[in-house]
Amino acid sequence: MGYKKKKRLAKSGKDNSFDGLHSKFAETGMLETVGVSLLAILILLFSIFLQVLLHEGGHLVCGLATGYRFVSFRIFNLTFIRKDGKLCIKRFSLAGTGGQCLLTPPERPLEDIPTTLYNLGGVLANLLTAILAFLPLLTVDGLPYLLKFFLLMLSLIGILLAGMNGIPMKMGGIGNDADNMRLLLKDSKSKQALVTQLRINALVQEGMRPKDMPAEWFSQTEDINYKDALQVTIALMSASRLLDCEEWEAAYNAFEKIMSHRHEVIGLLIKENACELLFTALVTKRTARAEELYTDELDTYIRQYKDVTSSKQRLLCALALYRDKDTAKAKEIYEATCQRKNKYLMQGEVSSDIALMKSILTAKNAL
Numbered sequence: 014m015g016y017k018k019k020k021r022l023a024k025s026g027k028d029n030s031f032d033g034l035h036s037k038f039a040e041t042g043m044l045e046t047v048g049v050s051l052l053a054i055l056i057l058l059f060s061i062f063l064q065v066l067l068h069e070g071g072h073l074v075c076g077l078a079t080g081y082r083f084v085s086f087r088i089f090n091l092t093f094i095r096k097d098g099k100l101c102i103k104r105f106s107l108a109g110t111g112g113q114c115l116l117t118p119p120e121r122p123l124e125d126i127p128t129t130l131y132n133l134g135g136v137l138a139n140l141l142t143a144i145l146a147f148l149p150l151l152t153v154d155g156l157p158y159l160l161k162f163f164l165l166m167l168s169l170i171g172i173l174l175a176g177m178n179g180i181p182m183k184m185g186g187i188g189n190d191a192d193n194m195r196l197l198l199k200d201s202k203s204k205q206a207l208v209t210q211l212r213i214n215a216l217v218q219e220g221m222r223p224k225d226m227p228a229e230w231f232s233q234t235e236d237i238n239y240k241d242a243l244q245v246t247i248a249l250m251s252a253s254r255l256l257d258c259e260e261w262e263a264a265y266n267a268f269e270k271i272m273s274h275r276h277e278v279i280g281l282l283i284k285e286n287a288c289e290l291l292f293t294a295l296v297t298k299r300t301a302r303a304e305e306l307y308t309d310e311l312d313t314y315i316r317q318y319k320d321v322t323s324s325k326q327r328l329l330c331a332l333a334l335y336r337d338k339d340t341a342k343a344k345e346i347y348e349a350t351c352q353r354k355n356k357y358l359m360q361g362e363v364s365s366d367i368a369l370m371k372s373i374l375t376a377k378n379a380l
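Count along the sequence shown from 1, then add 13; that gives the number in the numbering used here.
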């Protein structure tokens, strides 16, 4: 049978099953097949993007419905924040996450602050859209192949994301939504840590430095469960506040205490802690400890995030100043960070980092 005749039969055929997709590919030319394949890949990527967007949107809607206040909404490395009553876009990324919706909890007693619906919002959004996408595949005949493929991918990815976040588990040491929900329901200390963390993050994003926040927010540092990322984060924030107050020795000891539990703490938080411990080791002239901490792995991590977090620029400034004895380079890093200040997401953090860089440079008569 000739090629043209085959093509006419393919166009006039009544086979709308998924198996027909393979037959259609076999009966078209190579360029057509490649084109359709590329389009299918784009549809797959768009489906992933859409389900991640819907997942974070679910957290947003359910959080707002239970009294939380909007702080930021991130999809991959694009973060939407409200500044001076306007919606702004900034770039920020966090390893192990495709998106993140940050809200501030309502001002209520701890036991009255809802967390279940906020955590479940993403899973519910994924499941709902998965069901809605799959229904036309069962009820509508004659849908175009690419539309069928899009609906199928949207449904499957929705189910996959719902499972990944709805079944309690840890990925890369970070608890998913269901794991967080389970933890918050059974441990009031973890719930307090989450509430405090959300409030601190909101104020830092709005421009407040940690040293200007209530000291009692940072007091939850005793009897920490170092396997609980929420509790460890508060310990890190407390040490960072000491750093912001330029209490170098106290900050070094606080970061060193966390490092002593490195086999219990998740990798991402240990890397952040190692960065700050390295900084305080440099400032307090613990040269041997600084060299021990400054591994190739940590250097890679620092440079991976140097354009999205100002604390990495502060560390690079300290490395240039204390380790490399390159005052000009340290001053250049400081001035570049000052110029890029408004591009960073966490404005309170960058204000703190610029002040700390200025302090160590002034102490070395570099400014």
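A virtual CB, placed ideally from N, CA and C, is assigned to each residue, including glycine.
Quick caveat, the model's predicted, so the values are computed rather than measured.
Where does residue i fall in DSSP's three states?
i    : result
V153 : coil
G188 : strand
F89  : coil
C258 : coil
K161 : helix
F62  : helix
L115 : strand
V84  : strand
F183 : The identity of residue 183 in the sequence shown is Lys, whereas the question assumes Phe. Here K183 sits in strand by DSSP.
R327 : helix
I94  : strand
L169 : helix
N238 : coil
A379 : coil
R195 : helix
L369 : helix
Let's see if you can read the secondary structure: which residues bound the beta strand (DSSP E) around residue i?
i    : result
K103 : 99–104
I279 : No beta strand (DSSP E) holds I279; DSSP gives it neither H nor E.
Can you tell me which of the options puts its alpha carbon nearest to the alpha carbon of residue i?
i    : options               : result
W230 : I61, Q210, L115, Y307 : Q210
L52  : E69, L123, M166       : M166
A175 : I61, L207, N286       : I61
L67  : V208, L141, Q205      : L141
R212 : E259, N139, M250, G98 : M250
D236 : A248, G76, T79        : A248
If you count every other CB in all the chains shown that lies within 10 Å of the CB of residue i, and 16 or more means buried, which is it?
i    : result
K20  : For K20, the predicted model reports a pLDDT of 44, less than 50, meaning its position is unreliable and no value from the coordinates is stated.
A294 : buried
K103 : buried
M370 : buried
N193 : buried
I373 : buried
C351 : exposed
R254 : buried
A78  : exposed
S25  : Interpretation of S25 is limited by its pLDDT of 45, a score under 50 that renders its predicted location unreliable; no figure is taken from the coordinates.
K17  : With a pLDDT of 45 at K17, under the threshold of 50, the modelled position of this residue cannot be trusted, and the question is left open.
Name the two residues that bound the continuous alpha helix (DSSP H) containing residue i.
i    : result
K270 : 261–272
Q317 : 309–317
Q233 : Note, Q233: premise wrong, no alpha helix (DSSP H); not H, not E.
K342 : 340–352
T300 : 300–306
Which whole-angstrom value is the C-beta distance of residue i and residue j, which I expect to be below 8 Å?
i    : j    : result
N296 : S323 : The displayed chain sequence assigns Val, not Asn, to residue 296. In fact, because the Cβ distance is near 17 Å, the residues do not count as touching under 8 Å.
G280 : G185 : 7 Å
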